[in-house]
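Those protein sequence lines, which keep their order, are chains U and V.
Position 37, counted from 1, in the first sequence is what full-length UniProt numbering calls 37; the numbers after and before it change by one each time, with no gaps.
Position 69, counted from 1, in the second sequence is what full-length UniProt numbering calls 69; the numbers after and before it change by one each time, with no gaps.
There are 2 protein chains.
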Amino acid sequence: MSPRVKNAAATREAILASARSRFIEESYDNVGLREIAGDAGVDVALIGRYFGSKEELFKEVLRAGKKPDWLDPSVGHRELPAYLASLAVEEDCADRKKHAEGLLIMLRSASSPKAGEVIRQALREDVLEPIAKLLPGADAEVRSSLALSIFFGTNVMRTIMAVEPLCQCDSGSVRGHMQRLLEAALTGDRTA
Amino acid sequence: MSPRVKNAAATREAILASARSRFIEESYDNVGLREIAGDAGVDVALIGRYFGSKEELFKEVLRAGKKPDWLDPSVGHRELPAYLASLAVEEDCADRKKHAEGLLIMLRSASSPKAGEVIRQALREDVLEPIAKLLPGADAEVRSSLALSIFFGTNVMRTIMAVEPLCQCDSGSVRGHMQRLLEAALTGDRTA
DNA sequence: TTACCATGTCAACGATTGTTGATTTTTCAC
DNA sequence: GTGAAAAATCAACAATCGTTGACATGGTAA
C-alpha cells in the first residue's frame, strides 16, 4: 500500500489520539497496538518508533491528558463537592470531560501490572495531592482519597459494571447523589 | 514425572482454590492457567478437562464463592451501613472476609471483555438485588447501587491503587469512614 | 492377575501479542 | 534533477496464551 503523507508531528498526534480513545474504552491489556495503529491509519511499527514501547505510549497518554491547573484554586473547599460532582457528569464543558476521561483511563487499567505503577504515581501526584492541598484540617489526604473513592466507585458502577439504575439515571440526579456523597467524604464531621 | 494421587474431587477443589487465590490478586487477563495449575500442583490440561475453559473456570469461582443468604435478613435497613462497613474491613469473621474477597474478584476483572458479562450478571443477581430488597422507598435500586459504589470505590483506592493514606489507616478508622459514606448512600435524604 | 476406565501427564497446535530489522517511499536541500 | 535523510511500510521474530489430542499411569472390579 502506498505510504501516507509524511508528517511526523501529525501522525504522532494521531497515534496519541487513537490510543487515548482506546484506553478510555478498554483496559491496557485489552488494547492492541494494531487496533491503535489501525484507528490512526498507520502501521504498527510506527508506534514503536515514536513511543518506544506500549508502556511508554500509555505513559504519554496520561501525561498528555493532564493539566497542572485543573483544580481551579479559586474554588473554596466548600464548593469542592459540587465542583467534583459536576466533573463526573459534565458533558458540555470540554475541559472537565477530558479530565474525567483521564480518570477513567486510570480506573480501567488500574489492575494491569504494566500500567499499574504508572497510574498509581500519576494519581498521587496529579489528582490526590492537588485536592488534599485545598482541604483544611489534619487528615486532608485521607479525605482527598475518600473523595476519589466516590468518583471511582460511581464510575465503576456506571461505566464498567454498567449497572442500569445508575446508567439510566438522568445526569442531574446522578450529580445530586454524587454531591451528597462527596460532601460526606470531604467534610470529615461525625455528626452522627 | 509420576502422576499425583488420583482423586478427582480433591484436585478439582485444589484447582478451584488456586484459581480463586489468583483471581483475588490479579485480573482475569493477567492470570495464566499455567500459574493456577502450578499452584494446585497439577498439569494445565486438567483445567480444561474439569472446567472446559478459562471463562467457565472463572464462572465457577464466582458461583462457588456466593452464598444466597449472605445478607442476614434480620438486619434492618437501619443497621445496614454498619453491616456493610464491617464487611469491608473485617478480618476475623471468615464468612464476611470470603464475601468481601468475592466482590474484590469482580472488581479486579470487571474491565475484561471475557469476564465482564459474567461479573455484571453475578453482581446484579447476587449483590445488588438482595440489598435493594432490604431497602424501603422507591429508589431502592439506585441507593443499593450507590452503596456498592462506596464499597468498590474504597476498595479501588485501598487495594488496587494502593493509596497510602487509606492503606495505612487502621481498620477502625476505615470502617468509620465507610459507615459514614454508606449512611449517606443508603439514606437518600436531602437534609442539606 | 487382568482388563478397563478414570485420572493425570506430555507435547504440540494455532492464534495473538509486542517488538525489531530491512526495505520502500516521500520530502527537501543543493 | 539528484542524493540523502526522514517517514512509513512490510515481514518476521520470539514469547505467551488457551486449548486439544495422544499417551501413560493409577485404581478397581471381575
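Here a beta-carbon is modelled for each residue, glycine too, at the ideal position from N, C-alpha and C.
Just so you know, these numbers come straight off a predicted model, no measurement behind them.
Compute the Euclidean distance between the alpha carbons of residue i and residue j, then round it to the nearest angstrom.
i: Thr187 of chain V; j: Ala17 of chain U; result: 42 Å
i: Lys98 of chain V; j: Asp92 of chain U; result: 43 Å
i: Glu56 of chain V; j: Ile15 of chain V; result: 13 Å
i: Thr191 of chain V; j: Gln179 of chain U; result: Confidence is the limiting factor: at Thr191 of chain V the pLDDT is only 40, short of 50, which leaves the residue's position unreliable and the question unanswerable from this model.
i: Gly38 of chain V; j: Val31 of chain V; result: 12 Å
i: Met161 of chain U; j: Pro136 of chain U; result: 34 Å
i: Ile24 of chain U; j: Leu107 of chain U; result: 9 Å
i: Leu134 of chain U; j: Cys167 of chain V; result: 22 Å
i: Glu35 of chain V; j: Tyr28 of chain V; result: 12 Å
i: Trp70 of chain V; j: Ser109 of chain V; result: 22 Å
i: Glu129 of chain V; j: Ala100 of chain V; result: 17 Å
i: Asp126 of chain U; j: Lys67 of chain V; result: 40 Å
i: Pro81 of chain U; j: Leu182 of chain U; result: 5 Å
i: Pro113 of chain U; j: Glu26 of chain V; result: 8 Å
i: Ile105 of chain V; j: Arg158 of chain V; result: 14 Å
i: Asp170 of chain V; j: His177 of chain V; result: 11 Å
i: Ala64 of chain U; j: Ala122 of chain U; result: 12 Å
i: Pro165 of chain V; j: Asp139 of chain U; result: 9 Å
i: Glu13 of chain V; j: Val42 of chain V; result: 12 Å
i: Ala19 of chain V; j: Ala10 of chain V; result: 14 Å
i: Ser111 of chain U; j: Lys54 of chain V; result: 19 Å
i: Arg49 of chain V; j: Ala8 of chain V; result: 11 Å
i: residue 196 of chain U; j: Val118 of chain U; result: Past the boundaries of the shown model lies residue 196 of chain U; chain U is included only from 1 to 192, so the question cannot be answered.
i: Arg96 of chain U; j: Ser145 of chain V; result: 24 Å
i: Glu90 of chain U; j: Leu103 of chain V; result: 29 Å
i: Leu84 of chain V; j: Tyr83 of chain U; result: 28 Å
i: His77 of chain V; j: Arg120 of chain V; result: 24 Å
i: Arg22 of chain V; j: Ala40 of chain V; result: 11 Å
i: Asp72 of chain V; j: Glu79 of chain U; result: 39 Å
i: Glu60 of chain V; j: Ser173 of chain V; result: 35 Å
i: Arg124 of chain V; j: Val44 of chain U; result: 39 Å
i: Ser149 of chain V; j: Lys6 of chain V; result: 45 Å
Could you pull the start and end residues of the alpha helix (DSSP H) that residue i belongs to?
i: Glu141 of chain V; result: Ala140 to Asn155
i: residue 240 of chain V; result: There is simply no residue 240 of chain V to check, as chain V begins at 1 and stops at 192 in what is shown.
i: Ala110 of chain U; result: Per DSSP, Ala110 of chain U belongs to no alpha helix (DSSP H) and is neither H nor E.
i: Met178 of chain U; result: Ser171 to Leu186
i: Val44 of chain V; result: Val44 to Phe51
i: Ser86 of chain V; result: Leu80 to Val89
i: Arg63 of chain V; result: Lys54 to Gly65
i: Glu164 of chain U; result: Glu164 to Cys167
i: Asp126 of chain U; result: Neither: Asp126 of chain U is in no alpha helix (DSSP H) and is coded neither H nor E.
i: Leu33 of chain V; result: Leu33 to Ala40
Pull up the CB-CB distance for residue i and residue j, whole angstroms please, since I reckon it's below 8 Å.
i: Leu33 of chain V; j: Ile47 of chain V; result: 5 Å
i: Glu141 of chain V; j: Ala147 of chain V; result: In fact, because the Cβ distance is near 11 Å, the residues do not count as touching under 8 Å.
i: Ala185 of chain V; j: Arg143 of chain V; result: 6 Å
i: Thr94 of chain V; j: Thr154 of chain V; result: The sequence as given places Ala at residue 94 of chain V; Thr does not occur at that position. No, Ala94 of chain V and Thr154 of chain V are not in contact; Cβ-Cβ is about 21 Å, not under 8 Å.
i: Ala115 of chain U; j: Phe58 of chain U; result: 5 Å
i: Val156 of chain V; j: Val156 of chain U; result: 7 Å
i: Ser74 of chain U; j: Arg175 of chain U; result: Wrong, their Cβ atoms sit about 21 Å apart, outside the cutoff.
Are there any heavy atoms of the ligand ATP lying less than 6 Å away from the beta-carbon of residue i, as far as the coordinates show?
i: Gly32 of chain V; result: Inclusion of the ligand ATP in the displayed structure is not the case, the ligand content being empty and no account of it being possible.
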